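Scroll down for the structure; my scribbles are underneath it.
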Amino acid sequence: MILKPIANNGITPKKGNAMKQLNHKGNTQRGVALIIALLTLLMLSVLAAAILFVTQTEVWATYNYRRDAQSRYLAEAGAQRAADWLSNTYVKPAAAPWDATKEPVQWNGTNVVLAGITGHATNYPDAATQATYSNALSNQQVTVGEVTGTYSADATLVTFPSGGSMVEAWRITSQGSIPGVQASNVEVKVTIERQSQSLLSFAVFGTGNSCGDLTISGGAYTDSFDSSQGTYTSTKLDSGGNVGSNGNVTLNGVTTEVNGTISVLEPNVGTCSAANDVTNSAGPGAYQAITQLPNPQVFPNPPAISPAPPTSNQNYTADTTLPPGDYGNVNMSGNKTLTLSPGTYNLNSLVLSGNSALQISPPGQVIINIEGTGASKAVDLSGGTITNTTDVPFNMQINYAGSQPIDLSGGSGSYAVVYAPNSPITISGGGAWYGAILGKSFTDSGGSAVHYDRALLKQLLQTGPFRSTSYSRSKF
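Going by the numbering used here, the final residue of the sequence shown carries number 488, and the count climbs one at a time with no gaps.
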């Protein structure tokens with residue numbers, strides 16, 4: 013059987029048409045690669061531009077941050093320079109003419125200001141101080157490497173020791189500037205303050221650092237009163253009679269009592285050692301509290317006497333009145349009275365014996381400065397008394413910088429202060445001392461009372477260092 017091809021009904025494929033169809037499909041895909049390449053290149057260009065933009069932004073941000081930091085450092089340098097000037101160059105007026113009851117302090121109805129910033133007005137009563145401050149704190153140029161900037165600072169007096177205030181505070185406004193196309197300006201405000209503390213803030217204080225440097229025994233006690241408010245009787249408190257020592261405080265006797273605090277470096281009770289600065293055999297109620305001193309207390313020596321007084325003996329056996337001046341070894345005896353007029357006396361030594369007395373007349377303040385050259389005792393009151401009719405201890409001051417002993421045993425009922433940071437001081441006899449006593453050591457062996465005058469907290473002020481209490485920063 014012979015198979016025949018199937019007929020295609022007259023339809024015969026044409027070779028030319030098939031090729032045309034294939035060519036048409038190829039023509040529609042021509043140029044796609046170029047478009048894809050261009051799109052890819054565009055995307056890469058955008059990505060590169062974005063990277064460059066981010067990098068440039070980072071560079072400018074870093075640059076601006078650096079300039080802001082440099083301006084801040086300049087402003088802080090100005091604040092530190094102003095604080096240093098106030099600490100070491102500024103001289104406070106002897107009689108402050110401003111109104112310290114206002115805060116900030118005012119003069120002529122306006123805040124007291126030392127101005128260093130251009131365009132800011134100074135308001136200060138002393139022209140020389142104004143000029144010195146302005147020269148030190150106005151537009152001060154600083155160059156480090158290739159960077160040059162300036163700082164300027166104002167200082168506003170916020171509080172000033174006066175009346176009940178013991179704080180001197182200044183608000184410093186300092187501006188640091190770096191000029192240029194990308195100028196940077198930063199302002200910092202710092203408040204600095206320092207406390208004023210009396211050199212006579214204790215009823216008794218011993219500057220030494222040995223065992224028993226401050227010994228109270230025999231029923232002795234301390235308390236306090238306020239001579240600025242009235243008499244001892246009317247202002248007496250069973251507190252405020254604080255004592256302290258850089259060494260050891262020893263209490264003996266069942267009736268011995270400190271009506272106040274005991275301040276020491278190591279606030280532990282026990283046998284005197286490096287860890288125990290309070291030795292108490294007077295009983296648990298012998299003191300009110302123990303406080304720890306942050307560091308050894310340093311007291312400046314009284315100013316040197318210049319010229320030094322004579323060292324000759326000046327003996328008085330009759331009632332004698334001495335005007336203020338320089339004297340040698342003053343010895344008063346024979347149950348007589350030595351009268352001192354208000355003023356300053358420079359003595360080599362002072363001895364009261366034979367029931368003699370030292371009095372102030374007319375009432376006023378007497379300051380006795382002791383030299384102590386060659387004297388066995390710089391001051392010896394064991395045979396006499398001090399009569400201070402003002403009943404104000406600060407009106408009778410005894411100052412001594414040397415190391416010879418001081419004996420206050422005979423000063424029963426004396427209203428006075430003794431400032432002798434290098435001298436061993438003793439008192440006995442059961443009398444009373446109204447005021448304050450500061451020495452290298454102190455021994456009360458006869459039951460004598462020490463009545464601290466709280467008014468002394470505002471006298472003989474010693475200014476501490478400035479400390480920063482607030483800080484703020486801003487751009488302008």
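We put the beta carbon where it would ideally sit given N, CA and C, even for glycine. These numbers were taken from a predicted model, which means no experiment stands behind them.
Are the beta-carbon atoms of residue i and residue j separated by less than 8 Å?
i: residue 232; j: residue 268; result: yes
i: residue 225; j: residue 453; result: yes
i: residue 309; j: residue 473; result: no
i: residue 256; j: residue 281; result: no
i: residue 304; j: residue 272; result: no
i: residue 399; j: residue 369; result: yes
i: residue 405; j: residue 431; result: no
i: residue 116; j: residue 59; result: no
i: residue 78; j: residue 194; result: no
i: residue 391; j: residue 412; result: yes
i: residue 241; j: residue 247; result: yes
i: residue 416; j: residue 461; result: no
i: residue 372; j: residue 341; result: no
Could you give the C-beta distance for residue i and residue j, rounded to a whole number, given that I count them as a contact under 8 Å?
i: residue 414; j: residue 429; result: Not quite, the Cβ-Cβ distance comes to about 17 Å (not below 8 Å), so this is no contact.
i: residue 163; j: residue 188; result: 5 Å
i: residue 353; j: residue 336; result: 6 Å
i: residue 449; j: residue 435; result: Going by Cβ atoms, the distance from residue 449 to residue 435 rounds to 10 Å, so no, they are not a contact pair.
i: residue 433; j: residue 311; result: 4 Å
i: residue 197; j: residue 83; result: 6 Å
i: residue 359; j: residue 339; result: 5 Å
i: residue 87; j: residue 200; result: 4 Å
i: residue 344; j: residue 396; result: 7 Å
i: residue 286; j: residue 263; result: About 19 Å; that fails the 8 Å criterion.
i: residue 422; j: residue 442; result: With 8 Å as the limit, residue 422 and residue 442 do not qualify as a contact, their Cβ atoms being about 11 Å apart.
i: residue 230; j: residue 259; result: About 20 Å separates the two Cβ atoms, so there is no contact after all.
i: residue 97; j: residue 148; result: 5 Å
i: residue 239; j: residue 469; result: Wrong, their Cβ atoms sit about 11 Å apart, outside the cutoff.
Assign residue i to buried or exposed, taking buried as 16 or more other Cβ atoms, counted over all protein chains shown, within 10 Å of its Cβ.
i: residue 245; result: exposed
i: residue 48; result: exposed
i: residue 439; result: buried
i: residue 227; result: buried
i: residue 63; result: exposed
i: residue 140; result: exposed
i: residue 76; result: exposed
i: residue 55; result: exposed
i: residue 367; result: exposed
i: residue 215; result: buried
i: residue 490; result: Not covered by the structure: residue 490. The range shown for the chain is 13 to 488.
i: residue 219; result: buried
i: residue 488; result: exposed
So, at 6 Å on beta carbons, what are the nonlocal neighbours of residue i in its own chain, with the 5 sequence-adjacent residues on each side left out?
i: residue 236; result: 249, 252, 253, 464, 466
i: residue 13; result: Because the pLDDT at residue 13 is just 44, under 50, the model does not fix this residue reliably, and the point stays unresolved.
i: residue 205; result: 179, 181, 481
i: residue 333; result: 351
i: residue 420; result: 393, 439
i: residue 485; result: 200
i: residue 409; result: 379, 429
i: residue 145; result: 126
i: residue 314; result: 411, 413
Can you give me the Cβ contacts of residue i inside the same chain, cut-off strictly under 8 Å, excluding the 5 residues immediately before and after it?
i: residue 243; result: 237, 403
i: residue 129; result: 150, 164, 165, 166, 185, 187
i: residue 330; result: 346, 348
i: residue 118; result: 110, 111, 124
i: residue 103; result: 141
i: residue 297; result: 269
Between which residues of its own chain and residue i is the CB-CB distance below 7 Å, once the five residues before and five after are set aside?
i: residue 122; result: 135
i: residue 317; result: 358, 381, 383
i: residue 142; result: 126, 134, 136
i: residue 455; result: 227, 438
i: residue 91; result: 165, 184, 186, 200, 202
i: residue 161; result: 82, 83, 86, 154, 188, 189, 190
Got a sec: is the Cβ-Cβ distance from residue i to anything in chain C below 8 Å?
i: residue 360; result: The question asks about chain C, but that chain is absent: this structure has only one protein chain.
Practice problem: Can you check the segment 325-381 for any beta strand (DSSP E) of at least 3 residues that lies completely inside it and give the ranges in chain order? | Solution: 325-328, 332-334, 337-344, 349-352, 355-364, 368-372
Quiz item: Which ranges would you report for the beta strand (DSSP E) in the segment 197-246 if only whole runs of at least 3 residues count?
Solution: 216-218, 226-228, 233-237
Quiz item: Which whole runs of the alpha helix (DSSP H) in the segment 109-183 are 4 residues long or more, in chain order?
Solution: 139-149
Quiz item: What are the uninterrupted segments assigned as beta strand (DSSP E) that are 3 or more residues long and contained completely in the segment 377-427, given in chain order?
Solution: 378-382, 396-399, 408-412
Quiz item: What are the complete beta strand (DSSP E) segments, minimum 3 residues, inside the segment 240-285?
Solution: 255-257, 261-263, 269-276
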